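The block underneath contains the structure these notes are about, expressed in structure tokens.
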Amino acid sequence: MIWRLEDCGASIRYLIYDRDKKFSHAFDSVLRSKRIRILRTPVKAPNANAFAERWIRSVREECLDHLLIWNETHLNRVLLEYVDYFNTRHPHQSLAFDAPEGLKPVVAEGVVPCRNGLGGIIHDYYREAA
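Residues in the sequence shown are numbered consecutively from 49, following the working numbering.
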């Protein structure tokens with residue numbers, strides 16, 4: 049894992065994870081050897097991971113559960129397309145139905161075509177200017 053991150057030029061200073069037993073002392077030792085600071089979520093604090101857990105649930109339910117992923121390259125392409133949709137065109141209830149990067153202004157009249165993403169899994173409806 050560390051080699052792959054170094055190969056892609058990732059500069060990691062911190063790793064935040066919960067107190068699951070799958071993270072062993074050997075795992076911590078490898079991270080510390082690369083000067084990565086380990087931060088664990090607090091004990092009995094279910095909301096500490098809430099944002100990450102919600103995003104993981106969204107990407108699984110809306111995307112990955114509907115596809116058969118062939119290899120890592122395919123997974124990367126699918127996730128890049130989903131993240132682009134999620135951040136630029138997907139309305140979020142917590143943002144008053146705006147996207148994190150802001151939705152384009154809505155046009156009141158005109159044709160409403162559907163833009164399909166990920167082979168038809170995502171249906172993105174928008175209104176073209178008249």
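Positions of the beta carbon are idealized from the N, C-alpha and C atoms, including for glycine. Model, not experiment: these values are computed from the prediction.
### Message
Three Cβ pairs or more, each shorter than 8 Å: is that satisfied between the segment 60-73 and the segment 84-98?
### Response
yes
### Query
Gly130 bridges to which residues according to DSSP?
Residue 130 is actually Tyr in this sequence, not Gly. In DSSP, Tyr130 forms no bridge with anything.
### Query
Between which two residues does the alpha helix (DSSP H) harbouring Asp76 extend?
73-81
### Task
Find out if the Cβ-Cβ distance for the pair Tyr133, Asp172 is shorter than 8 Å.
yes
### Query
Going by DSSP, which residues form a beta bridge with His171?
Asn164
### Query
Start and end of the alpha helix (DSSP H) containing Ile104?
98-110
#### Entry: Element boundaries [beta strand (DSSP E), containing Ile64]
62-65
### Message
Helix, strand or coil, according to DSSP, for Gly88 in the structure here?
### Response
The sequence shown places Arg at residue 88, rather than the Gly named in the question. Three-state result, Arg88: strand.
### Task
Just mark Ile170 as buried or exposed, buried being the case when its beta carbon has 16 or more other beta carbons within 10 Å.
buried
### Task
Can you say whether Leu79 is buried or exposed, counting buried as having 16 or more other CB atoms within 10 angstroms of its CB?
buried
#### Entry: Contact check, Val126 vs Ile117, beta carbons under 8 Å
yes
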